[in-house]
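Q: Okay, so the sequence shown: first residue is 4 according to my numbering, each after it adds one. No residue lacks a Cβ here, since even glycine has one placed at the ideal position from N, Cα and C.
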Amino acid sequence: MAEWLTAGFGETLENLPLDPPTVVSQADTLAEVALLLAERHVSSALLKESPLRIVTERDLARAWASRCSADDEVATIATSHPYWVPASMTPAVAGAMMISLGIRHLVVLDVADFPLGIISMAQLFTVLVQDEESMALHANVAAVLIRVGQHGASEETLRKSD
4 MAEWLTAGFG ETLENLPLDP PTVVSQADTL AEVALLLAER HVSSALLKES PLRIVTERDL
64 ARAWASRCSA DDEVATIATS HPYWVPASMT PAVAGAMMIS LGIRHLVVLD VADFPLGIIS
124 MAQLFTVLVQ DEESMALHAN VAAVLIRVGQ HGASEETLRK SD
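1. Pick from Asp22, Glu76, Leu16, Ala125: whose alpha carbon is nearest that of Ala34?
2. Buried or exposed: which applies to Pro174, given that a residue is buried once 16 or more other Cβ atoms fall within 10 Å of its Cβ?
3. Can you tell me where the beta strand (DSSP E) holding Pro50 begins and where it ends?
4. To the nearest whole angstrom, what separates the beta carbons of Val111 and Met100, a pair I think is in contact under 8 Å?
5. So is Arg56 buried or exposed if we call it buried at 16+ other beta carbons inside 10 Å?
6. Rounded to whole angstroms, how far is the Cβ of Leu167 from the Cβ of Val27, which I believe are closer than 8 Å?
7. Buried or exposed: where does Asp74 fall if 16 or more other Cβ atoms within 10 Å of its Cβ makes it buried?
8. Count the other C-beta atoms from every protein chain shown that fall within 10 angstroms of the C-beta of Gly105, then say buried if there are 16 or more, exposed otherwise.
9. Got a sec? Which residues, its chain only, sit under 7 Å from Asp22 by beta carbon, not counting five neighbours each side?
10. Excluding the 5 residues flanking Ile80 on each side, which residues of the same chain have their C-beta closer than 8 Å to its C-beta?
11. Note down the Cα distance separating Phe117 from Val96, rounded to an integer number of angstroms.
12. Opposite His44 in the DSSP bridges: which residues?
13. Quick check on Arg56: does DSSP put it in helix, strand or coil?
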């Protein structure tokens with residue numbers, strides 16, 4: 004994660020130190036996938052079979068909560084049609100998208116729609132918080148909060164949280 008600390012606010016996702024996605028098979032068990040995520044210190048994986056699907060720690064938690072078996076195939080819980088972004092997107096826009104959608108992972112696709120990696124909210128926020136352009140960051144976060152507030156909380160509530 005140290006290399007993420009030097010990434011800049013104005014970078015595009017393709018210029019960030021994205022690791023290749025962790026890839027699993029739809030026939031892998033929930034236990035195998037959970038172990039792989041833990042071993043690799045990642046919070047999500049892509050299924051190698053089409054169509055594009057992702058499995059996240061949240062998917063695994065929901066599976067355990069609904070009493071799925073550790074031997075169930077990961078395909079039964081994978082998220083179909085995950086949210087994705089082009090590699091040309093900036094971290095600020097990707098972060099705003101995550102906040103507005105209430106998600107913690109985005110699949111980053113190249114121009115040929117090939118997955119370059121999965122970016123997590125933690126990685127994006129590391130870039131955004133460490134950047135020298137803190138005033139721009141505050142302005143972007145404030146704009147996102149206002150948009151989120153329009154869909155739930157009032158602006159007054161958002162101001163009280165300052």
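A: Looking at the coordinates:
1. For the purposes of this step, residue 34 is taken as the residue at position 31 of the sequence shown. Taking only the C-alpha atoms, the option nearest Ala34 is Glu76.
2. Since the first and last residues shown for the chain are 4 and 165, residue 174 lies out of range.
3. For the purposes of this step, residue 50 is taken as the residue at position 47 of the sequence shown. Rather than Pro, the amino acid found at residue 50 in this sequence is Leu. Taken as a continuous stretch (DSSP letters only), the beta strand (DSSP E) holding Leu50 covers 47 to 50.
4. Here residue 111 is taken as the residue at index 108 of the sequence shown, counted from 1. Here residue 100 is taken as the residue at index 97 of the sequence shown, counted from 1. Their Cβ separation, rounded to whole angstroms, is 12 Å, which puts Val111 and Met100 out of contact at 8 Å.
5. Counting from one through the sequence shown, the residue named residue 56 turns up at place 53. So Arg56 ends up on the buried side.
6. Any question about residue 167 goes unanswered here, given that the chain covers just 4 to 165.
7. Stepping through the sequence shown from its first residue, residue 74 is reached at position 71. That one is exposed.
8. Here residue 105 is taken as the residue at index 102 of the sequence shown, counted from 1. Gly105 should be labelled exposed.
9. Translated into the one-based positions of the sequence shown, residue 22 becomes position 19. The answer, listed in chain order, is Gly120.
10. Walking along the sequence shown from the start, residue 80 turns up at place 77. The residues are Leu33, Val58, Asp62, Leu63, Arg65, Ala66, Cys71.
11. Residue 117 sits at position 114 when you count from the first residue of the sequence shown. Residue 96 sits at position 93 when you count from the first residue of the sequence shown. Going from the Cα of Phe117 to the Cα of Val96 covers about 20 Å.
12. As a first step, residue 44 is located in the sequence shown; it is residue number 41 there, counting from the start. Answer is none; His44 lacks a bridge partner.
13. Translated into positions along the sequence shown, residue 56 becomes position 53. Here Arg56 sits in strand by DSSP.
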